[in-house]
Amino acid sequence: MSENETVERLATVKAAIARAESDYDRKPGFVTLIAVSKTFPAEDIAPALAAGQRVFGENYVQETKAKWPELRERYPDVELHLIGPLQSNKAKEAVELFDVIQTLDRPSLAEALAKEIAKQGRTPRLFVQVNTGEEPQKGGVAPREVDAFIETCRTQYGLTIEGLMCIPPAEDPPSPHFALLATIAKRNGLNGLSMGMSADFDAAIQMGATHVRVGSAIFGTRAKAVKP
Ligand SMILES: *Cc1c(COP(=O)(O)O)cnc(C)c1O
Numbered sequence: 001m002s003e004n005e006t007v008e009r010l011a012t013v014k015a016a017i018a019r020a021e022s023d024y025d026r027k028p029g030f031v032t033l034i035a036v037s038k039t040f041p042a043e044d045i046a047p048a049l050a051a052g053q054r055v056f057g058e059n060y061v062q063e064t065k066a067k068w069p070e071l072r073e074r075y076p077d078v079e080l081h082l083i084g085p086l087q088s089n090k091a092k093e094a095v096e097l098f099d100v101i102q103t104l105d106r107p108s109l110a111e112a113l114a115k116e117i118a119k120q121g122r123t124p125r126l127f128v129q130v131n132t133g134e135e136p137q138k139g140g141v142a143p144r145e146v147d148a149f150i151e152t153c154r155t156q157y158g159l160t161i162e163g164l165m166c167i168p169p170a171e172d173p174p175s176p177h178f179a180l181l182a183t184i185a186k187r188n189g190l191n192g193l194s195m196g197m198s199a200d201f202d203a204a205i206q207m208g209a210t211h212v213r214v215g216s217a218i219f220g221t222r223a224k225a226v227k228p
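This is the structure in structure tokens:
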């Protein structure tokens, strides 16, 4: 995709978010756009940065380490969200690299992150991923286990949880999953709701999303979700 195309598509997505905020009675700016740049090289991300976008999502620690340090030097106010699964042995690098980690989903990872946060004195904001569709191949805590897991994060590991994140099953209508996530967040006193991607962010905003994660609608079709 050409630079101009990226900038145009970014503007289109931002306009659609602004329209949804207005349609569903949210304040302007209520929804944060996370531009998902996984698999796209730094030169494809640069036009979005030049156009003012500052919040980005990445799925892989190694890819982020290769791409972002240099971009961050040019744009120190960038905010990076980890939205892919995190292995506990990469907790150290994740705490170094990311401002927000959205895929906290098990006690062993909570423990590893708490340890690194204490060691590094760096405190990434945390979202708990919920596997709303209970898909075996997907990360995330099962809905019936979330309340206990959040409690464990808070009391046992002293972590502050900002919100919840979900990726509904591709074959399901997404809105019931978004509604379930909103319900779980509310009963746990959480404000953050990371839900909605290129195909369904309008529905997610309707159901209360505070963060939408939009990739292909901005950067174009990914060749393949390759692991670097
Ligand atoms: C890749 C990805 C996205 C972006 O998906 P698009 O359909 O390209 O907008 C959002 N969230 C997660 C967790 C992803 O892995």
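Just so we're aligned, residue 1 is where the sequence shown starts under my numbering, counting upward by one.
Positions of the beta carbon are idealized from the N, C-alpha and C atoms, including for glycine.
At which residues does the beta strand (DSSP E) containing Ala35 begin and terminate?
As a working note, residue 35 is residue 35 in the sequence shown. It spans 32 to 36 - the beta strand (DSSP E) in which Ala35 sits, taken as one unbroken run.
Quick check: what's the CA-CA separation for Arg74 versus Ile83?
If you number the sequence shown from 1, residue 74 lands on position 74. If you number the sequence shown from 1, residue 83 lands on position 83. Going by the C-alpha atoms only, they are around 23 Å apart.
Using the C-alpha atoms, what's the distance from Glu3 back to Met165?
Residue numbering aside, residue 165 sits at position 165 when the sequence shown is read from its first letter. Residue numbering aside, residue 3 sits at position 3 when the sequence shown is read from its first letter. In a straight line, the C-alpha of Met165 is about 30 Å away from that of Glu3.
Measure the alpha-carbon distance for Val128 versus Gly163 and round it to whole angstroms.
Here residue 128 refers to the residue found at position 128 of the sequence shown. Here residue 163 refers to the residue found at position 163 of the sequence shown. The straight-line gap from Cα to Cα measures roughly 6 Å.
Pick from Pro85, Lys119, Pro76, Arg122: whose alpha carbon is nearest that of Leu109?
Translated into the one-based positions of the sequence shown, residue 109 becomes position 109. Of Pro85, Lys119, Pro76, Arg122, the residue nearest in Cα terms is Pro85.
When the distance is taken between beta carbons, is Ile205 closer than 8 Å to Arg26?
Here residue 26 refers to the residue found at position 26 when the sequence shown is read from its first residue. Here residue 205 refers to the residue found at position 205 when the sequence shown is read from its first residue. Yes, Cβ-Cβ distance for Arg26 and Ile205 is below 8 Å.
Does Ile265 come out as helix, strand or coil in the three-state DSSP assignment?
Residue coverage of the chain in this structure runs from 1 to 228, which leaves residue 265 outside it and unanswerable.
For Glu135, does the three-state DSSP call read helix, strand or coil?
Position 135 of the sequence shown, counting from 1, holds the residue named residue 135. Correct three-state label for Glu135: coil.
Quick check: is any heavy atom of ligand 1 less than 7 Å from the C-beta of Asn59?
Sequence index remark: in the sequence shown, residue 59 carries index 59 (1-based). Asn59 Cβ: within cutoff of ligand 1.
For the candidate residues Asp77, Lys92, Thr39, whose alpha-carbon lies nearest to that of Ala66?
Mapped onto the sequence shown, residue 66 falls at position 66. Among Asp77, Lys92, Thr39, the Cα nearest to that of Ala66 is on Thr39.
Could you tell me whether any non-hydrogen atom of ligand 1 is closer than 7 Å to the CB of Ser37?
Against the sequence shown, residue 37 aligns to sequence position 37. No.
Would you tell me roughly how many angstroms separate the C-alpha atoms of Ala223 and Glu135, rounded to the nearest one?
For the purposes of this step, residue 223 is identified with residue 223 of the sequence shown, where counting begins at 1. For the purposes of this step, residue 135 is identified with residue 135 of the sequence shown, where counting begins at 1. If I take the Cα positions, the gap works out to 24 Å.
In or out: Pro228 buried (at least 16 other Cβ within 10 Å) or exposed?
By 1-based counting over the sequence shown, the position of residue 228 is 228. With a pLDDT of 44 at Pro228, under the threshold of 50, the modelled position of this residue cannot be trusted; read the value that follows with caution. By the neighbour-count rule (16 or more Cβ atoms within 10 Å), Pro228 is not buried but exposed.
For Ala209, which residues from the same chain have a beta carbon less than 8 Å from its beta carbon, with the 5 sequence-adjacent residues on both sides left out?
In the sequence shown, residue 209 corresponds to position 209, counting from 1. Counting only Cβ-Cβ distances below 8 Å, and skipping sequence neighbours, we find Val31, Phe178, Leu193, Ser194, Met195, Gly196, Phe201.
Considering Cα atoms alone, identify which of Glu171, Thr132, Thr160 is closest to Ala118.
For this step, residue 118 is matched to residue 118 along the sequence shown. Nearest C-alpha to Ala118: Thr160.
Using a C-beta cutoff of 8 Å, does Val128 count as contacting chain B?
The chain labelled as chain B is not found in the depicted structure, where only one protein chain is given.
Strictly by DSSP, which residues pair up with Glu58?
Residue numbering aside, residue 58 sits at position 58 when the sequence shown is read from its first letter. Paired residue(s): Leu82.
By Cβ distance, which residues of its chain are closer than 7 Å to Arg9, with the 5 residues on each side in sequence left out?
Position 9 of the sequence shown, counted from the first residue, corresponds to residue 9. Same-chain partners within the cutoff: Ala217, Ile218.
Verify the contact flag: Val214, CB atom, against every heavy atom of ligand 1, threshold strictly below 7 Å.
Indexing the sequence shown from 1 puts residue 214 at position 214. Indeed, a heavy atom of ligand 1 lies less than 7 Å from the Cβ.
Arg19 lies in the alpha helix (DSSP H); which residues open and close that run?
What you label residue 19 is simply residue 19 of the sequence shown in a count that begins at 1. Residues 3 to 23.
Relative to the alpha-carbon of Gly139, which residue among Ile150, Asp147, Leu104, Ala148 has its alpha-carbon at the smallest distance?
Within the sequence shown, numbered from 1, the residue matching residue 139 stands at position 139. If we check each option's Cα against that of Gly139, Leu104 comes out closest.
Would Phe98 pass as a contact of Leu71 if the rule is Cβ separation under 8 Å?
Mapped onto the sequence shown, residue 98 falls at position 98. Mapped onto the sequence shown, residue 71 falls at position 71. Cβ distance not < 8 Å, so Phe98 and Leu71 don't count as in contact.
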